[in-house]
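K.L.:
One structure follows; several queries about it will come next.
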Amino acid sequence: METIIVAGATGYLGRHVVVELAKRGYRVRTIVRSRTRAQRSGPYGSPAIGDHVHEWREGEVTDPEFMVGICEGGDRVISALGVTRQHASPWDVDYLANLRLLEDAERQSLRSFLYVNAMNADTGTTLYMRAKSAFRECLERSPLTSQVINPSGYFSDATMFLSMARRGVALLPPDGHVRIAPIHGADLATYIVDRLGDENCFWDIGGPEDLTFPEIATMAFEALGKQPRVVRVPSPVVTASVWLASRISGRAGDFAQFLAELLTTSSVGENFGTRRLSDHFQDLATPNGSQSAS
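Its first residue numbered 15, the sequence shown is counted upward by one per residue in my numbering.
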């Protein structure tokens, strides 16, 4: 069976991808910063992966020397590698680390490289989105088979509304008609592994429901058994908040701009999966679930 190299294996999505690959009989090589961390359950209910990995590569993806030969003996790459809440630069991780991984995959003549991008990355103005878009362009010029999956958003992202509901008030974007289709990591992992192959393709993918942010906020309050309390933030306040964050630091400003774009741009694609966000919120609302969402 083929050996699949998974980058970003200890993230929310990467963990589900590793489990899905192992379940189908693939050999899995993971690229991780910490094998110890991989042995533990991840955030938002994502699984531990220690029992599903055949080969480990432990190190920093931002270290060029560590990335040399990382793909030797492999067949395909799945990269869910990207900055989430780390202090690293998106350019160093989302672009440069993925580019070094791609270059090594090319040197080793692997069969394909599947990249988990983000929907609307090409129109985003933040460093996070520009880094993703820049790598996607490099991948599409590669001689390897390139496959790009653009999720609408993850269940893990939507849990910020559960956090706000716990504090008693949910802040909503100015336009209540913006729609997204967040997808559970396990459903997205199924979609990804289904599409491993030798054809150049890209897909826009979401979960089974297209939802507005007011609908998501209501689900969060209902999961906690609370009466919904929401405040819609006017557009001038959003703009001012991004400006103020940029005065604190470039990173803070970029993250604030990323949130502003996320909350004001519809992101829906092909609907896929069976897991619903309301059920996910119910799971995380339990005492044990609250710990997994931290």
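Don't be surprised by glycine CBs; every beta carbon is placed ideally from N, CA and C.
Between G287 and the rest of its own chain, which residues show a CB-CB distance below 7 Å, the 5 nearest in sequence each way excluded?
P.N.:
The beta carbon of G287 sits closer than 7 Å to those of I197, H198, D201, G221, P222, all from its chain and outside the five residues before and after it, given in chain order.
K.L.:
Report all residues from its chain with a CB closer than 6 Å to the CB of A195; omit the five preceding and five following residues, and keep chain order.
P.N.:
Only S166, G220, G221, D224, V282 meet the Cβ criterion.
K.L.:
Across the stretch 202 to 209 and the stretch 60 to 76, are there enough close Cβ pairs to call them in contact, namely three or more that are closer than 8 Å?
P.N.:
no
K.L.:
Short of 8 Å in beta carbon distance, which residues of its chain neighbour P248, apart from the five on each side in sequence? Order them along the chain.
P.N.:
Short of 8 Å from the beta carbon of P248, and not among the five residues preceding or following it, lie these beta carbons of its own chain, in chain order: P188.
K.L.:
Please give the ranges of any beta strand (DSSP E) in the stretch 171 to 203, keeping only runs that are unbroken, at least 3 residues long and fully inside the region.
P.N.:
184 to 186
K.L.:
Going by the DSSP bridge assignment, what does W217 pair with across the sheet?
P.N.:
I163
K.L.:
On the premise that L124 lies in contact with C312, defined as a C-beta separation below 8 Å, what is that separation, rounded to the nearest angstrom?
P.N.:
Residue numbering for the chain in the displayed model covers 15 to 308; residue 312 lies beyond these limits and cannot be assessed.
K.L.:
When the Cβ atoms of the stretch 253 to 260 are set against those of the stretch 165 to 179, are three or more pairs found closer than 8 Å?
P.N.:
no
K.L.:
For Y40, which residues of its own chain have a beta-carbon under 7 Å away from its beta-carbon, when the five flanking residues on both sides are left out?
P.N.:
M15, E16, I18
K.L.:
Counting C-beta neighbours from all protein chains within 10 Å, is the total for G59 16 or more, i.e. buried, or is it exposed?
P.N.:
Counting Cβ neighbours within 10 Å, G59 comes out buried, since at least 16 surround it.
K.L.:
Kindly indicate the opening and closing residues of the beta strand (DSSP E) around W70.
P.N.:
69 to 72
K.L.:
Is I63 helix, strand or coil by DSSP?
P.N.:
coil
K.L.:
What three-state label does DSSP hand R41 in the structure shown?
P.N.:
strand
K.L.:
Determine which residues share a DSSP beta bridge with E223 and list them.
P.N.:
Note: E223 is not bridge-paired with any residue in the DSSP secondary-structure output.
K.L.:
So, is E284 buried or exposed, given that buried needs 16 or more other C-beta atoms within 10 angstroms?
P.N.:
exposed
K.L.:
Please state if the CB of A259 and the CB of A299 are separated by a distance shorter than 8 Å.
P.N.:
no
K.L.:
Anyone know if the C-beta pair for D106 and G83 falls short of 8 Å?
P.N.:
For D106 and G83, no; Cβs fall outside 8 Å.
K.L.:
Does DSSP put E284 in a helix, in a strand, or in coil?
P.N.:
In the structure shown, E284 sits in a strand (DSSP, three-state: E or B).
K.L.:
Once the 5 residues before and after E34 are set aside, which same chain residues still bring their CB inside 7 Å of it?
P.N.:
If we look at E34 and ignore the five residues flanking it on each side, its Cβ neighbours are A203, T204, V207.
K.L.:
Quick one: what's V20 bridged to in DSSP?
P.N.:
T44, I92
K.L.:
Is it the case that the Cβ atoms of G190 and P228 are separated by a distance below 8 Å?
P.N.:
yes
K.L.:
Alpha carbon to alpha carbon, what distance is there between A36 and E69?
P.N.:
12 Å
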